[in-house]
Every structure is written in structure tokens, then in C-alpha cells.
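Colleague: Have a look at this one.
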Amino acid sequence: MQILDELLNALQTIEGNVPTLIGIIASAWIVQVTNMLLGYRLNIFGIIPRHVIGIPGIVLSPWLHGSINHIFMNSLFFFAMAGLVSLHGMQTFVILSISITLISGVLVWLFARMASHVGASGLIMGYWSFIMVKAYFDPQFIDVISAVLGAYYFGIDLLASVAPGKSGVSVEGHVAGLIAGAVTAVWYPTVCQVVTMMLADLFNVLLICGL
């Protein structure tokens with residue numbers, strides 16, 4: 003009975019977070035349509051490794067995609083993985099998203115091959131990695147179920163996306179996402195403090211600037 007209650011609570015939690023997740027996906031599609039109308043010129047704001055012009059891409063790249071198929075597949079995977087992550091609460095979801103985006107983005111900027119790296123795949127891989135590592139070190143029932151479901155339904159496709167030799171695929175971004183998710187899971191309390199301080203500092207700067 004307790005297991006059933008946990009499952010029902012999990013489903014209710016995910017259901018409550020659906021509007022937020024759909025809103026995030028919708029905003030990415032708005033960017034995609036704008037990018038298409040501009041002939042994908044916005045992709046210059048992706049991560050360009052070891053170039054100053056590529057630094058903003060660390061934050062912007064998850065919103066940029068190379069094709070309709072690219073953003074369509076990422077939308078499906080994002081909805082699934084973000085939904086599972088949101089079981090830990092929206093605060094964890096926000097902190098995890100920021101952490102994975104920054105860590106994976108910096109890794110891509112430092113070590114990836116020369117190209118404009120765009121897409122939310124690294125973020126999605128980070129979600130999956132976080133779920134798997136969390137289930138291993140802290141095997142709560144919902145975490146284990148989330149890890150198994152994620153591995154069964156999406157793991158093969160996600161791992162296939164990391165395989166080298168695929169044209170137009172940022173393998174480095176996917177691997178960086180895996181690393182970022184694992185790092186965040188293992189050192190989550192520290193990461194939480196750092197991200198919270200960063201957000202507080204950003205909020206103070208915005209107040210000073212009158213924004």
C-alpha cells in the first residue's frame with residue numbers, strides 16, 4: 003500500500019509540474035521558429051569552443067537547435083527526463099538545470115571540437131545521469147523506479163546519441179551533460195549552495211540596475 007501511495011504521489015507531482023515543463027518547451031519552440039525565419043543565424047550564439055564569442059553560448063545553447071527534428075526529439079526527451087527530475091521538487095529542478103547547463107557548457111567550451119554547439123541534449127543527458135547516480139547512492143523507491151524507467155525507455159537512444167561518427171551531433175555536449183549530472187548528484191548540497199549564491203548575486207545586480 004505504501005508503494006502504491008508513493009506512485010500516486012509521484013504521478014500527482016508530475017501532473018502538477020506539467021504546465022511549467024510545457025511552458026519551457028513552448029519557449030524553446032518560439033526560439034526555434036524565430037531561428038528558422040532568420041535562416042538559423044541565431045546558432046552563432048551557440049558554444050564556440052575556446053573563443054570569447056562562444057562564452058554566451060554556455061547559457062544560450064540549450065535554447066538553440068539545428069532543425070525541426072532536433073528540437074522535436076529533444077522536446078520529448080526533455081519532457082520525460084525533466085518530469086522525473088521534478089519529483090525531487092521544482093527547486094531541485096531549477097538548481098539542477100542551472101548546474102548542468104553551466105558545468106556541461108564550460109566543459110564543451112574548453113574541450114570540444116571547433117563548431118557551434120547547440121541543443122538541449124547535454125541538459126537532458128545530465129538529467130538522466132543525475133537520476134541514475136542518485137538512485138545508486140540513495141536508493142529511494144521513486145528514484146530507483148525513475149532510473150529504471152529512464153534507462154529502459156530512453157537509455158538506449160540517449161547512449162546511441164553519444165556514439166561517435168554521427169554528423170551534426172555534439173558528442174562532446176552529450177558526454178559533458180553526463181558528467182555534469184553525475185557531479186551535481188554526488189555534490190548536490192555544495193552545488194545547491196553555489197547556485198543559490200549565484201542567483202542571489204544576480205538578483206542583487208538586477209535590483210541595483212533597476213531591472
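Here the numbering used here is used: the first residue of the sequence shown is 3, the next is one more, and so on. Here a beta-carbon is modelled for each residue, glycine too, at the ideal position from N, C-alpha and C. Quick caveat: nothing in here was measured; it's all calculated off a predicted structure.
Determine, using beta-carbon pairs with one atom in the segment 181-194 and one in the segment 104-115, whether at least three such pairs fall under 8 Å.
Modeller: Result yes; three or more Cβ-Cβ pairs closer than 8 Å.
Colleague: Which residues in the same chain as Ile50 place their Cβ atom closer than 6 Å to its Cβ, once the five residues preceding and following it in sequence are excluded?
Modeller: Along the sequence shown, one-based indexing puts residue 50 at 48. So the list reads Gly56 and Ser118, once near-sequence residues are dropped.
Colleague: If you compare alpha carbons, which of Gly179, Ser88 and Ala149 is closest to Gly121?
Modeller: Position 119 of the sequence shown, counting from 1, holds the residue named residue 121. With distances taken between Cα atoms, Gly121 lies closest to Gly179.
Colleague: Would the segment 70-87 and the segment 125-142 be scored as touching if the rule is three or more Cβ pairs under 8 Å?
Modeller: With the cut-off at 8 Å, the segment 70-87 and the segment 125-142 touch.
Colleague: Ordered along the chain, which non-local residues of its own chain (more than five positions away) have a Cβ less than 7 Å from that of Trp65?
Modeller: Start at 1 with the first residue of the sequence shown, and residue 65 comes out as number 63. Here the set comprises Ala30 and Val33.
Colleague: Considering Tyr74, what are the terminal residues of the alpha helix (DSSP H) in which it resides?
Modeller: Within the sequence shown, numbered from 1, the residue matching residue 74 stands at position 72. Sequence check: residue 74 is Phe here, not Tyr. Start and end: Ile70 to Val87.
Colleague: Helix, strand or coil: which one does DSSP assign to Ile49?
Modeller: The residue you call residue 49 lines up with position 47 of the sequence shown. Note: Ile49 maps to strand in three-state DSSP.
Colleague: Counting C-beta neighbours from all protein chains within 10 Å, is the total for Asn71 16 or more, i.e. buried, or is it exposed?
Modeller: Stepping through the sequence shown from its first residue, residue 71 is reached at position 69. Exposed.
Colleague: Pull up the DSSP beta-bridge partners for His119, would you.
Modeller: Counted from its first residue, the sequence shown places residue 119 at position 117. Partner(s): Ile49.
Colleague: Relative to the C-alpha of Trp111, which candidate in His53, Tyr190 and Leu13 has its C-alpha closest?
Modeller: Locating residue 111 in the sequence shown gives position 109, where the first residue counts as 1. The shortest Cα separation from Trp111 among His53, Tyr190 and Leu13 belongs to His53.
Colleague: Indicate the three-state DSSP secondary structure (helix, strand or coil) for His90 in the structure shown.
Modeller: One-based indexing of the sequence shown puts residue 90 at position 88. Helix.
Colleague: DSSP on Ile133, reduced to helix/strand/coil?
Modeller: In the sequence shown, residue 133 corresponds to position 131, counting from 1. In the structure shown, Ile133 sits in a helix (DSSP, three-state: H, G or I).
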